[in-house]
Structures are given as structure tokens and as C-alpha cells.
Amino acid sequence: MNRLSLSTAGALLPVYLTPQGDNPQIGIVHLGPGAFFRGHQAFYTDAAMAKAGGNWRICAVSMRSKDVAQALNPQDGLYALAQMEQDSHLSLIGSIAEVLVAPVDYAKVQARLTAASCKYVTMTITEKGYCLNNSGELDLTHADIAADLQLADAISQAKSAIGLLTQALWLRHQGGLPLLTLMSCDNLTDNGHKLKAAVRCFAANATIFAKDVDFLLQLTELICPCSMVDSITPATDDALRDLVATRLGVQDAWPVKREAFCQWVVEDILPADQPAWRDVGVVFTKDVTAFEKAKLRLLNAPHSTLAYLGSLLGIETVFDAMAHPQLSQLVRQLVESEILPSVPLVDGLDLQQYSQDIFRRFENPSVRHLLAQIAWDGSQKLQMRLLPVLRDNLAAGRSVQLLALAIASWLQFIRLRAAQAAELGAAAPALVDPLAPLLLATAAQCTGDASTDVPLWLALDSVFAADLITHTAFVSALWQAYQQLSPILAGGPADLSQFLSGVDA
Numbered sequence: 001m002n003r004l005s006l007s008t009a010g011a012l013l014p015v016y017l018t019p020q021g022d023n024p025q026i027g028i029v030h031l032g033p034g035a036f037f038r039g040h041q042a043f044y045t046d047a048a049m050a051k052a053g054g055n056w057r058i059c060a061v062s063m064r065s066k067d068v069a070q071a072l073n074p075q076d077g078l079y080a081l082a083q084m085e086q087d088s089h090l091s092l093i094g095s096i097a098e099v100l101v102a103p104v105d106y107a108k109v110q111a112r113l114t115a116a117s118c119k120y121v122t123m124t125i126t127e128k129g130y131c132l133n134n135s136g137e138l139d140l141t142h143a144d145i146a147a148d149l150q151l152a153d154a155i156s157q158a159k160s161a162i163g164l165l166t167q168a169l170w171l172r173h174q175g176g177l178p179l180l181t182l183m184s185c186d187n188l189t190d191n192g193h194k195l196k197a198a199v200r201c202f203a204a205n206a207t208i209f210a211k212d213v214d215f216l217l218q219l220t221e222l223i224c225p226c227s228m229v230d231s232i233t234p235a236t237d238d239a240l241r242d243l244v245a246t247r248l249g250v251q252d253a254w255p256v257k258r259e260a261f262c263q264w265v266v267e268d269i270l271p272a273d274q275p276a277w278r279d280v281g282v283v284f285t286k287d288v289t290a291f292e293k294a295k296l297r298l299l300n301a302p303h304s305t306l307a308y309l310g311s312l313l314g315i316e317t318v319f320d321a322m323a324h325p326q327l328s329q330l331v332r333q334l335v336e337s338e339i340l341p342s343v344p345l346v347d348g349l350d351l352q353q354y355s356q357d358i359f360r361r362f363e364n365p366s367v368r369h370l371l372a373q374i375a376w377d378g379s380q381k382l383q384m385r386l387l388p389v390l391r392d393n394l395a396a397g398r399s400v401q402l403l404a405l406a407i408a409s410w411l412q413f414i415r416l417r418a419a420q421a422a423e424l425g426a427a428a429p430a431l432v433d434p435l436a437p438l439l440l441a442t443a444a445q446c447t448g449d450a451s452t453d454v455p456l457w458l459a460l461d462s463v464f465a466a467d468l469i470t471h472t473a474f475v476s477a478l479w480q481a482y483q484q485l486s487p488i489l490a491g492g493p494a495d496l497s498q499f500l501s502g503v504d505a
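So in the UniProt record's numbering, the last one in the sequence shown is 505, and the numbering has no gaps at all.
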């Protein structure tokens, strides 16, 4: 069977590719070409070009891995997107022109970023990719940032996305080109403002840029809209590859699947020259924060809770977790009693209905979303998903019992991974987290008894700030939840009924 490409796609090829598919101008550079980007921003850009044209094809840049480049470049950037509901809908996405790998293709990446045709940089580099500290500011002591600050010129290879972007902006400044518009599409609260502040901080502290007063002044005009993104995107598997081959008659090395629901909310400050995103379903608003907070709290917080508790119970997917009666009840109770009261009203959005719709999305049998995938980078995700709700509830005098349980389940999940590593060695599932060495070292000191373990965990100031570790109500709730979960990790009965109250069995 033929490999998917411009020459083999036939009638499936997006119509906007046929006139100029061989040598397109690059209008957008995207950092982080993972599955979510390919099912989301690349999808919206593909739809925008199909509707209104324009030179908005994407150069996708991987900051580390070669995998996506090796899969998509032989396919001329084409891939299949499957929207998985009762009936799967397949389409070919053609918005990606090429995939570059920054450590290998650094000069090419800079050339794309500094081309006159390039107007936007979008990014899905995860929370950790911004190298921020607990205050949401650029961490100047972060190894990658510290190394990039010492670069002798603006063409030497930067390790961080922030370093790369600042170089490109300065080179454009030197060449008399307008600034790029930088768009964070990560689950990072206030993401656009934090991105802009990080770039300005980097420039002010890097010797090669700090002396250029005109450049530093120009960066005050940098456009970095806040945004909120949402669509559940499970990992690609062989079943999806087989489905694509059967339906489309070509082999796709890396198709992508997601649920049909897809949302992109963007702060309405973009320049006039923009893809026709608003014509294909992207929501533009003056207040992204309200949408963002609703999504982080009503979708991401229960998602993470399902991931950690479900993993402790030996459950593999979100769908299976929602089929577990006690776990499903517990997460619904968490949202109803402790999360919903913390979510401010959003104009035009019924929060109760929005939450119910999210749980229906979790119950979609066609979307096999692995809990292990959601569990990645917990030390970063919980800072955005659970700890803000916890703080709001503590300040308002509301219950934090189930929020503490969610956090305790993460800590016990780390103990589970440490125990598996000790038993299975290299065959054990990895703990995917930027703080993995520190977290696993802490877990190694734990005994399963809350009186020993909880103080060890709370001593991690890179996770728990002083306002939490000194709050009696939180510490007490965490201690109790942690102690009650320990028997499950030790192979005891998996009974969550002790955490439920006021919910019919």
C-alpha cells in the first residue's frame, strides 16, 4: 500500500494545496508538533485556508524529538485526522508544510522565523516548556535559560523556546521586519501575558540583547494573546493506523485522533493580517480568563483526579475510570461540591451544563484516552488545575476534603511509580515529570504512613508554597486522605466509599 503524500492523496488532498503545494510560503511557525497541535491548531488553520485561502502554511518545529519529522516529512506534512464519536470522521490535514528539529535544523528554523512571510508563532510546549518559577515568572536559574543567557550571539543554538523566540525577534528587529505575534496554546493560566513577560525578561538579562534599548522598547509592543484550548486527544495507536489504511487506501505513519468537540478561545488583539480562524469556529473574546478558569477547573482538574486515582486502582483509560461506580461518583462530587463554587460566571456559558457535557465527553467509548498520558507532568499541571481551587476554597472557608484527596492521589501515584521502578527496573513505567528525580527520591524515603510521608512531600517548595504548608485545614485534609489511600497502594481493598458523602450508591 502506498505511503500518504501529495502524489498519492488524490481527491483527498485539501484543495488549497493543489496550486502551490510544492513551494509554499510559511506564514506560521509552530513549536511543539505533538498530537494535540495536529488535532487542534493545525486543524483550524487547515479549515481557515480551505475557506479563505492565504499563505498560512505551518513550519512545525520540534524542540527535541525527531519522531514527528521522520513520520510526516516523507508524507509532505500530510496526515489523517480522525474525529472519534459513534461514527469516526476522517479528513486529511494539509496545513503543515514541513517539520524541523531544532537541534538538527537550527539555521533553517531561524530562517523560517525571520522570513518576511512569517507572521505568527504558535506553541504547544506544555507548561514546563516556558521555564517559569512558582510565581509564573521566567526562572533565570533554570538550566536551559541560564545556558541561553550566556550565548555569545543571536545565531548560536538556544536550548529553550524562550531563548529561540527572543533571538528571532531581535534578528527581525535588526532586519527591519515587524515583530511576530506569539501565541501560547498551552494550559497555562494567563498564558499570553506570561509568555510576553518571559521574553522581555530574557531579553533584559541576556548580554547580547540588553544593550539594545530600541529592541527592549519594541518588545513592549509585542502581541501575545491569551488563549484557551480544549479537545481530548488520545495517543495514536495501531488500531487508528489500520482504520486510516482501510478507509483512505494509503499508509499514514502518524495519524491523529480526537473527540469531535474542539474549542479555541483567543484574546481579540490579533493584527488585521490573520488566518480566517474566526470564520471556522475560533472564539475571539476580550476575556479569555473566564473561559480558561472554567476549563482548567471543570475539565482539567477532574481529569487529573481520574488519572491518579484511576492509576492507583489499576484502571487504564478515562472511559474505564468513568465506568467505575465509586470513582465516577467521587469525581462528580468533587466538581459539584468543591470546584463549581470556585468558578466565576462566564458570559454565555451555563457552568452546570458545561460540566455535565464534560463528563459525557469523558464517557465517550470511541476515545481511548490513557490515564498514564494525563498523569504526565503532575508537578506542573497541579499548579494550574488543583492548587488555585484549593486556595480559593481555603480563603472562602469551603471544604477541601476531596481536593486534598486529589493531591494525595498524585503523591501516592509517585510512590506507585517508585515501587514499580524498584521491582521491575527498566521495565517499569517511567514517571514523566520535570521534577521526576526529586519526586522519586522523596518517594524512596516514604513509608506509607502519613505522619512520616506528608511532611516529606510538603517540604518540596517547588510544588507546595508556604501559604499551603502552613494552612491547618489543608494539611489535616491531606494527611487524612493520604493515610486512607495507603492501603490501596499496598494491595489492600480498593474501597472509595469512605470518601463519598451525600451521593447515592
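Even for Gly, the Cβ is constructed at its ideal location relative to N, Cα and C.
For clarity, every value in this text was computed on a predicted model and none was experimentally measured.
- As the crow flies, the alpha-carbon of residue 344 is around 13 Å from that of residue 396.
- From the listed residues 378, 403, 171, 25, the smallest Cα separation to residue 333 is found for 403.
- For residue 259, there is no enclosing alpha helix (DSSP H), as DSSP marks it with neither H nor E.
- When rounded, the separation of the alpha-carbon atoms in residue 64 and residue 472 is 43 Å.
- With respect to the 9 Å criterion, residue 407 and residue 439 are not classified as neighbours on the basis of their beta carbons.
- Inclusion of residue 118 and residue 29 in the CB contact set at 9 Å is warranted, their separation being smaller than that value.
- In this model, residue 233 and residue 263 are separated by some 12 Å (Cα to Cα).
- Residue environment: residue 167 is assigned as buried (16 or more neighbouring CB atoms within 10 Å of its CB, all protein chains considered).
- Beta bridge pairing from DSSP links residue 184 with 123.
- With a 10 Å radius around the Cβ and a threshold of 16 neighbouring Cβ atoms, residue 236 comes out buried.
- When C-beta atoms of the region 194-207 are compared with those of the region 249-265, fewer than three pairs fall below 8 Å, so the two segments do not count as touching.
- In its chain, beyond the 5 residues on either side, 48, 51, 52 have a beta carbon closer than 6 Å to the beta carbon of residue 276.
- Cβ contact annotation for residue 139 (same chain, cutoff 7 Å, sequence separation greater than five): 131, 132, 133, 145, in chain order.
- Looking only at 259, 230, 150, 224, the smallest Cα-Cα distance to residue 208 is reached by 150.
- Bounds of the beta strand (DSSP E) holding residue 57 are 57-62.
- Cβ neighbours of residue 479 within its own chain (closer than 7 Å, five residues either side excluded): 450, 454.
- Counting only residues of its own chain and dropping the five nearest sequence neighbours on each side, residue 293 has a CB closer than 7 Å to the CB of 343, 344.
- Inter-residue distance for residue 157 and residue 470 is about 43 Å (C-alpha atoms, whole angstroms).
- For residue 308, the enclosing alpha helix (DSSP H) covers residues 301-312.
- When secondary structure is reduced to three states using DSSP, residue 386 falls in the coil class, being assigned neither helix nor strand.
- Where residue 445 is concerned, the enclosing alpha helix (DSSP H) starts and stops at 436-445.
- Cβ-Cβ distances below 6 Å link residue 313 to 494 in the same chain, with the five nearest sequence neighbours on each side left out; the list follows chain order.
- Between residue 126 and residue 377, the CB-CB gap stays under 9 Å.
- Going by DSSP, residue 285 is part of the beta strand (DSSP E) stretching over 283-285.
- Excluding the 5 residues flanking it on each side, residue 153 has same chain C-beta neighbours closer than 7 Å at 208, in chain order.
- Between the region 158-165 and the region 197-207 there are three or more inter-stretch CB-CB distances shorter than 8 Å, so the stretches are counted as touching.
- By the neighbour-count criterion, in which a residue is buried when 16 or more other Cβ atoms sit within 10 angstroms of its Cβ, residue 295 is buried.
- Pairing residue 42 with residue 98 gives a Cβ-Cβ distance that is not under 9 Å.
- For the 9 Å CB-CB criterion, residue 360 and residue 297 do not form a contact.
- Between residue 184 and residue 227 a beta carbon distance of about 6 Å is seen, short of the 8 Å cut, so the two are scored as contacting.
- Apart from sequence neighbours up to five positions away, the residues of its chain that approach residue 39 with a beta-carbon distance below 7 Å are 81, 231, 233, 256, 258, ordered along the chain.
- Cβ-Cβ separation between residue 398 and residue 338: approximately 7 Å, consistent with a contact (criterion under 8 Å).
- Of 410, 427, 428, 424, the smallest CA-CA separation from residue 457 is found for 410.
- In the DSSP assignment, the residues bridged to residue 89 are 83.
- Membership of residue 1 in any beta strand (DSSP E) is not indicated, and neither H nor E is assigned to it by DSSP.
- DSSP, reduced to helix, strand and coil, places residue 267 within a strand of the structure shown.
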